[in-house]
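To keep things clear, I will list the structure first and then write my remarks on it.
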Amino acid sequence: MPHFVHAADIHLDRSLPALLDGRATHPFALAPRLAFTRLIDYVIESDAAFLVLAGDVYDGAWKDVSTGLFFHQQVGRLRSRGVPVYLLHGNHDAESAMPKTLVPPDNIRLFSTRSPQSFEFEPLHIHLHGQSFAQADTRENLASAYPRPVTGCVNIGVLHTALAGSPPHSPYAPCTVEQLRGHGYDYWALGHVHQHKVLGSAPHIVFPGNLQALHIKELGARGAVSVPIEDGHLGTPEFVPLDVLRFHLLDLDVPAAVQTPAALVGEVRKAIESACDGADDRHLAMRVVLRLDAMVHPSLCRSKTMLRDEMAGVFTQFEDQVTLEDTEFHLRPPAAAIAPGDAHDAIASLDAYFAQAVRDPAFMGTLRDNLQAVLSKRKPFETPASPLLEQLANDELETAIGDAADQLRTRLRTID
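Note that the sequence shown covers residues 3 to 418 in my numbering.
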């Protein structure tokens, strides 16, 4: 069946620093490129009639020309097969930010920045209408100037927008679903919002979402949509996952029976295995959130450093399937332990004190000098007696302060 593919928000060459671990050659550094290659593969393998890219192909000004060369090389794979690409620039690849050094392949139909422009895909009598961003901070309602639909043809509007607002996305090219619905087009190919959404079916109003998740707040599958063309009408869009890496949040409420690091590692291992089973063979970047009760898990609450090391250890067993993105700890005391009283007041004061201390350069400098004076008296062969002292010895002052604060909170919460 004839169909076209709609994608957006590629963000080529956006780095994923939380996962790279200082290695510029790590596969995660190439995740947006690998996902885009998968998109082009899918367009070719599914024999799509054309490809629509609704903005933010790039992630801003290129660091070097290799970004543009990669895009042109991939689009060139479609050129050799006679597949056109209808390209609209969004806020990240606005005309004002893009270099003018590369002539695009001649199968690209780039929407103008001056006013709405229309192209016709003649074999199927489809008209596409759109306007690229001239400036990144485009706040006018571009859709209001789009032309009326061409009678007797399929009409597709291409637009980069957050509609009436979709936090945390900036309100670029604002408009409403009601406005788009009343414009008379058959399909609105939207971009900018990174979550896949279908906001209407008559007409179809679709955000494909971004092609590759970029951080831990973008959970789940990412990809494009395939839209069938049936007897001069558009069928139901189908989401096609094309990502190479998925972010996953492992939020673990640690059971009371788990009292040792070994038992905790066992619980985490089971949760990782379950997540990998449902990942569609994608590599997972996983954040672990451990929710511990200060009275139920006193031994586990004593050192975040120890728990971080244990989490890093268990993830090394899944190197080909999952990567540890970060570990968070949430100490949840029982209600009786946080009733109003001296301990509760002391915890509040403690939180305020530590928050103020780490923002005071003079205090931090004095503290560092005093601690180094004490630590310098250790003999060279002596091993730090605790993880806290080890952090201080390695000049990890802010980490040490955070761990010390957690230990004090735990002790205050367990006061009888």
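Don't be surprised by glycine CBs; every beta carbon is placed ideally from N, CA and C.
Terminal residues of the beta strand (DSSP E) in which residue i lies
{"i": "Q119", "result": "119 to 123"}
{"i": "L53", "result": "53 to 56"}
{"i": "H8", "result": "5 to 9"}
{"i": "V298", "result": "That residue, V298, is in no beta strand (DSSP E); it is neither H nor E in DSSP."}
{"i": "R423", "result": "Outside the shown range of the chain (3 to 418) lies residue 423, about which nothing can therefore be said."}
Helix, strand or coil at residue i [DSSP, three-state]
{"i": "P230", "result": "strand"}
{"i": "A407", "result": "helix"}
{"i": "H74", "result": "helix"}
{"i": "L182", "result": "helix"}
{"i": "R248", "result": "strand"}
{"i": "Y174", "result": "coil"}
{"i": "K65", "result": "coil"}
{"i": "D255", "result": "strand"}
{"i": "V260", "result": "coil"}
{"i": "L14", "result": "strand"}
{"i": "A136", "result": "coil"}
{"i": "S276", "result": "helix"}
{"i": "A50", "result": "coil"}
{"i": "G84", "result": "coil"}
{"i": "L90", "result": "strand"}
Between the CA atoms of residue j and residue i - distance to the nearest angstrom
{"i": "E269", "j": "G57", "result": "42 Å"}
{"i": "A166", "j": "C177", "result": "5 Å"}
{"i": "D11", "j": "L294", "result": "38 Å"}
{"i": "V179", "j": "S203", "result": "11 Å"}
{"i": "K199", "j": "H162", "result": "14 Å"}
{"i": "R310", "j": "P239", "result": "43 Å"}
{"i": "G211", "j": "F241", "result": "10 Å"}
{"i": "F113", "j": "Q214", "result": "24 Å"}
{"i": "D282", "j": "E232", "result": "30 Å"}
{"i": "F331", "j": "A407", "result": "13 Å"}
{"i": "R79", "j": "C278", "result": "33 Å"}
{"i": "A2", "j": "L252", "result": "Here the chain covers residues 3 to 418 and nothing more, so residue 2 does not appear."}
{"i": "L247", "j": "G280", "result": "13 Å"}
{"i": "T39", "j": "P300", "result": "50 Å"}
{"i": "P34", "j": "T115", "result": "25 Å"}
{"i": "D322", "j": "H285", "result": "7 Å"}
{"i": "I274", "j": "T262", "result": "19 Å"}
{"i": "D139", "j": "V195", "result": "16 Å"}
{"i": "V152", "j": "V87", "result": "20 Å"}
Neighbourhood of residue i by C-beta distance below 8 Å, restricted to the same chain and skipping five residues each side
{"i": "L71", "result": "L104"}
{"i": "F383", "result": "With a pLDDT of only 46 at F383, under the threshold of 50, the placement of this residue in the model should not be trusted, and no figure is reported."}
{"i": "P257", "result": "E269"}
Host alpha helix (DSSP H) of residue i (start-end)
{"i": "P149", "result": "From DSSP, P149 is part of no alpha helix (DSSP H); its letter is neither H nor E."}
{"i": "A37", "result": "33 to 47"}
One or two residues paired with residue i in a DSSP bridge
{"i": "N157", "result": "H129"}
{"i": "T325", "result": "A287"}
{"i": "F331", "result": "L292"}
{"i": "P243", "result": "G225"}
{"i": "A166", "result": "None; A166 has no bridge partner."}
{"i": "A2", "result": "Any property of residue 2 remains undetermined from this structure, which presents the chain solely from 3 to 418."}
{"i": "S114", "result": "BP columns for S114 are empty, so no partner."}
{"i": "V200", "result": "V208"}
Residues of its chain near residue i, where Cβ-Cβ distance is below 6 Å and the 5 sequence neighbours each way are ignored
{"i": "V267", "result": "E312, V316"}
{"i": "G458", "result": "Missing from the structure shown is residue 458; the chain here goes from 3 to 418 and no further."}
{"i": "S134", "result": "L90, H91, F113, T115"}
Other residues of its chain near residue i: CB distance less than 7 Å, five sequence neighbours each side excluded
{"i": "D61", "result": "H13, L14, D15, R16, H94"}
{"i": "R150", "result": "G186"}
is_contact[residue i, chain B] using C-beta, thresh 8 Å
{"i": "S228", "result": "The structure shown contains no chain B; it holds only a single protein chain."}
Check: residue i C-beta below 7 Å from any heavy atom of the ligand ATP
{"i": "W64", "result": "Absent from the structure shown: the ligand ATP. Ligands present: none."}
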